[in-house]
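Colleague: So the sequence shown is numbered by the numbering used here: it starts at -7 and just counts up by one.
Glycine residues also receive a C-beta, built at the ideal position from the N, C-alpha and C atoms.
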Amino acid sequence: MSTQPLRVGLIVPSSNTVMEPDFHRHISRESTVSTTRIFLEDVTREAEVRMLEQELPQALGRIKTTASDVGVFGCTSAGALGSSSHDVGIKEMIETQTGAKAITVLRAVLTRLAEIRPCKLAVFTPYIEDLTNSVVRALAEAGHLAMKAAGMGIRANLEIGRVTPAEIAKFVESQICASHPDCIFLSCTNWQAMEAIELLERKLGTPVISSNQAAIDMVRQSGLVISPRRTQL
């Protein structure tokens, strides 16, 4: 039987301008990426709950038509709104409604943290305090306590996407002070954080994880080349 590239179905907030380009830039030669969007303008708890309840079910119906092998839920903070069962529920919804293997960004990040096993984790986000705290709680539930956490306090998702890698690195450096973390997590799929990883690792000598890098790594681990899957749409 002939083989074909992995088919990736990416689900992102409508105002996300970073994750889709990151996926096309880093895995488009290894797989095909199809994207659908779920309406979101401001990154707040209330807006993300509406996005999950009203937009996600329709998006899953659309992404199913691409016959994706892997479905990626591309929003870190929305996956961290509740306990771990909340993120698991999103994963199970994707798998049930699309037939694809599901990857959530939060689960991808937790997988990387389990590999690194940091003792002094620092978490940085572009979010308002409420959502930064939600991410910290989600990581703590999985056994990864943050000794430092800070957010930029940005609500408008388009503005988050406009923060440059240099500005992200400068923000992290300004917040770390003398804390000396042994791992840094840059949380948000709409942050240009992948380009900030090398800057920070070179300057701080500390492993750095970003939401998009973790998700891309997990997609790659799911298999780059597979046999064609025949599903009934």
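Compute every distance between the C-beta of C169 and the non-hydrogen atoms of the ligand HEM, then say whether any falls below 7 angstroms.
Modeller: Here there are no bound small molecules, and the ligand HEM is not part of this structure.
Colleague: Can you find a C-beta in chain D that's less than 8 angstroms from the C-beta of Q184?
Modeller: Chain labels in this structure do not include chain D; a single protein chain is all it has.
Colleague: Tell me, to the nearest whole angstrom, how far the beta carbon of V127 is from that of A72; I am working on the premise that it is less than 8 angstroms.
Modeller: So it is a contact: roughly 5 angstroms between Cβ atoms.
Colleague: Indicate whether the contact test is met: 3 or more Cβ pairs, each with one atom in the segment 177 to 190 and one in the segment 97 to 114, closer than 8 angstroms.
Modeller: A contact exists between the segment 177 to 190 and the segment 97 to 114.
Colleague: For the beta strand (DSSP E) holding L192, just list the boundary residues, first then last.
Modeller: Element bounds for L192: not the beta strand (DSSP E) but the alpha helix (DSSP H), 186 to 196.
Colleague: What does DSSP give as the partner residue(s) for L123 in the beta ladder?
Modeller: According to DSSP, L123 bridges with nothing at all.
Colleague: Is M144 helix, strand or coil when you go by DSSP?
Modeller: Residue state, collapsed to three classes: coil.
Colleague: When burial is assigned at 16 or more other CB atoms within 10 Å of the CB, is A170 buried or exposed?
Modeller: Looking at its Cβ environment, which holds fewer than 16 other Cβ atoms inside 10 Å, A170 is exposed.
Colleague: Quick one: using the 10 Å Cβ neighbour count with 16 as the cut-off for buried, is S60 buried or exposed?
Modeller: Burial call: buried.
Colleague: Leaving out five residues on either side along the sequence, give the residues of the same chain with a beta carbon under 7 angstroms from the beta carbon of E12.
Modeller: Answer for E12: L2, V4, T27, listed in chain order.
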